[in-house]
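Only one structure is covered here, and it is reproduced in the block below.
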Amino acid sequence: MPVTAPEHGQHFTYQTRVWMAAAIAGMGGLLFGYDTGMISGAQVFIEDDFDVSSSGIGLVVSAVTLGALFGAIGSGWLTQRLSRRAVVVLAAVVFVIGAILAAASPNVEVLIGARLIIGLGIGFASTVVPLYIAEIVPSRSRGSMVALFQLAITAGILVAYLVNAAFADDGEWRAVFALACVPATLLLLGMLVLPESPRWLVARGRVDEAHHVLDELRDPEDPRTGQELAEIVDAVEAEAARPKQSITRSLTSPLARTILVVGIGLGIFQQITGINTIIYYAPTILKEAGLGTETSFLTTAGIGALNFLATVCALLFVDRIDRRRILLFGMAGMTLSMGLLATLFAIGDFGGVLRWVAVGSLFSFIAFFAVSWGWGFWVMAAEIYPMFIRGQAISIGNAIQWGANFLISLLFPILLGAWGGAPVFFVLAGFGVLALVFTQRLVPETRGKTLEEIEAEWRRRAGVAVTA
Ligand code: BGC
């Protein structure tokens, strides 16, 4: 497409296009969040309808995280063969199939299978959507654009809590599942009109098409536009000039290993510090702290709303404050909140004001998480890996993050029953301290750098040649 001189106000058009592209792709996050939030309500009615045991329900709940783990692994293989956009389309199709099957399931076995399929779609989407967004947006707004993915996750959780409440009276869990087809279809249709990732196009030798995409998404008057394409081409050429090696060798090279430790560590710490013990089990924790059923469900809805609103606030400063600082600040707050909750459980008295201090500690954990590690993991995962391992490495990091999610959500109710609240929450707070040390020592700063600059920085750190 010819590069036309921008008319008055056209700059806004480029930004709007970038925002729209990120928002459509971010719909994948909405699906992820909707599914995370809806199951807490639906499980009660599924239990009644199918007369399943509590371990059966455990499988219905956790099948999604397991499916997502496989989806994340599979997406590494898929991104080697298909474009980023094609994998997101596939994720939407798989998700629609899973949602329809779940809504129509005649028994619990089919429902568990359907939940696995839904998880597969979520695993694809959670890996490729942030990657795709990071590759199509300008570096100066990359953080906030990828953070839209987290905003969509929290919106999905909130919508699900509200839908749960709306359908609670008649127990219409099938409708709750079927509704997930709406955002999935929007994602599918939206992706069909979005462009391919310019970085993926250059890596496939399709430089002209990449130029065309950048023309559409960048201001041609901005000198950084030509520079960006040149940097992408340079990085790809430097890569092509390096001796060829299999993806397994690439992933086990010293450079890749150093980066993978950071990426995998971020995913594990995002999960094992306890976010989903609250998102999945808030009503259980609140009941343990002495709240009545209705109050604990209302409070859970409040948690969903706070999670969403704090993420909106985070979007405003994502690209203004260094990522490392926010991660350290957020983790310090999360750890203190978790420590406070553990201490209250150790005291064992939830009378009077202490009950509300416990509720406050859950709320403050959520707020600290939402402004930092909530979006932080997805943004860092999308930007720290160099092009030669990007698709595969994100998929490994995400699969392990889903694995940690699976284990925590499976073990939490068991350990809570066996050990009681205090030891469990103290262990989670202890993981928070480890996360602080990890972030302080190993996580690099990536804000404001292009993906190619981040790669060059890693190579400098590891003492590997920047260009061939
Ligand atoms: C995490 C999810 C979590 C959600 C809560 C995401 O970043 O990966 O596991 O449920 O945030 O907002």
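Residue numbers 18 to 485, in this note's numbering, belong to the letters of the sequence shown in order.
For glycine and all other residues, C-beta sits at the position ideal for the given N, C-alpha and C.
Apart from the 5 residues on each side of it in sequence, A327 sits with its Cβ closer than 6 Å to the Cβ of A384, A387 and V388 in its chain, given in chain order.
Rounded to the nearest whole angstrom, the CA to CA distance from L47 to V105 is 13 Å. K304: member of the alpha helix (DSSP H) spanning I292 to E305, first to last residue. Closer than 7 Å to some heavy atom of the ligand BGC: that describes the Cβ of T171. Remark: the C-beta of G391 is in contact range of the ligand BGC, defined as less than 7 Å to any heavy atom.
With contacts defined as CB atoms closer than 8 Å, L209 and A39 fail to qualify as a contacting pair.
By the Cβ criterion, the region 125 to 134 is in contact with the region 77 to 90, since at least three pairs of Cβ atoms, one from each stretch, lie closer than 8 Å.
Distance between A183 and P215, taken at the CA atoms: about 43 Å.
The beta carbon of R191 is closer than 6 Å to those of A120 in its chain, skipping five residues each way along the sequence.
Taking every protein chain shown into account, the CB of C330 has fewer than 16 other CB atoms within 10 angstroms, so this residue is exposed.
Less than 8 Å divides the Cβ of D339 from the Cβ of E462.
For the region 119 to 167, the full-length alpha helix (DSSP H) segments reaching 4 residues or more read 125 to 153 along the chain. In this structure F286 is buried. Its beta-carbon is surrounded by 16 or more other beta-carbon atoms within 10 angstroms.
Relative to the ligand BGC, the beta carbon of I74 is positioned no closer than 7 Å to any heavy atom.
Distances between the C-beta of F112 and the heavy atoms of the ligand BGC are all 7 Å or more. Nearest to S313 by C-alpha distance, out of L428, R372 and V127, is R372.
The beta carbons of F62 and G188 sit closer together than 8 Å. Under a 10 Å Cβ-count criterion, N124 is classified as exposed, with fewer than 16 other Cβ atoms of the shown protein chains found around its own Cβ.
According to the DSSP assignment, E248 belongs to the alpha helix (DSSP H) that extends over P240 to A258. Excluding its 5 nearest sequence neighbours in each direction, L451 has C-beta neighbours in its own chain below 8 Å: F286, listed in chain order. DSSP, reduced to helix, strand and coil, places F405 outside both helices and strands of the structure shown, so it counts as coil. C-alpha of P200 to C-alpha of V111: approximately 13 Å in a straight line. In the three-state DSSP reduction, T30 falls in the helix class (H, G or I). Annotation for A85: G136, I139, G140 and W419 place their beta carbon closer than 6 Å to its own, counting only its chain and skipping 5 residues before and after. Positions of the alpha helix (DSSP H) runs, each at least 4 residues long and wholly inside the region 61 to 114, are given as 71 to 98 in order along the chain. G369 sits exposed, since fewer than 16 C-beta atoms from the chains shown fall within 10 Å of its C-beta. Non-local beta-carbon contacts of E472 in its own chain, meaning distances under 8 Å to residues more than five positions away in sequence, involve A252, P403 and M404 in chain order. Judged by the Cβ position, N181 fails to qualify as a neighbour of the ligand BGC at the 7 Å threshold, every heavy atom of the ligand being at least this far.
A306 and L333 have their C-alpha atoms roughly 34 Å apart. F394 has its Cβ nearer than 7 Å to a heavy atom of the ligand BGC. For L48, the secondary structure class from DSSP, reduced to helix, strand or coil, is helix. At the C-beta level, A439 and A363 come within 8 Å of one another. When the five nearest sequence neighbours on each side are left out, the beta carbons in the same chain lying within less than 8 Å of the beta carbon of V35 are those of I153, V154, P155, S158, M162 and L234, in order along the chain.
Not one heavy atom of the ligand BGC sits closer than 7 Å to the Cβ of N124.
Spanning the alpha carbons of G309 and G319 requires a straight line of approximately 15 Å. Annotation: the continuous alpha helix (DSSP H) that includes V279 extends over P271 to I289.
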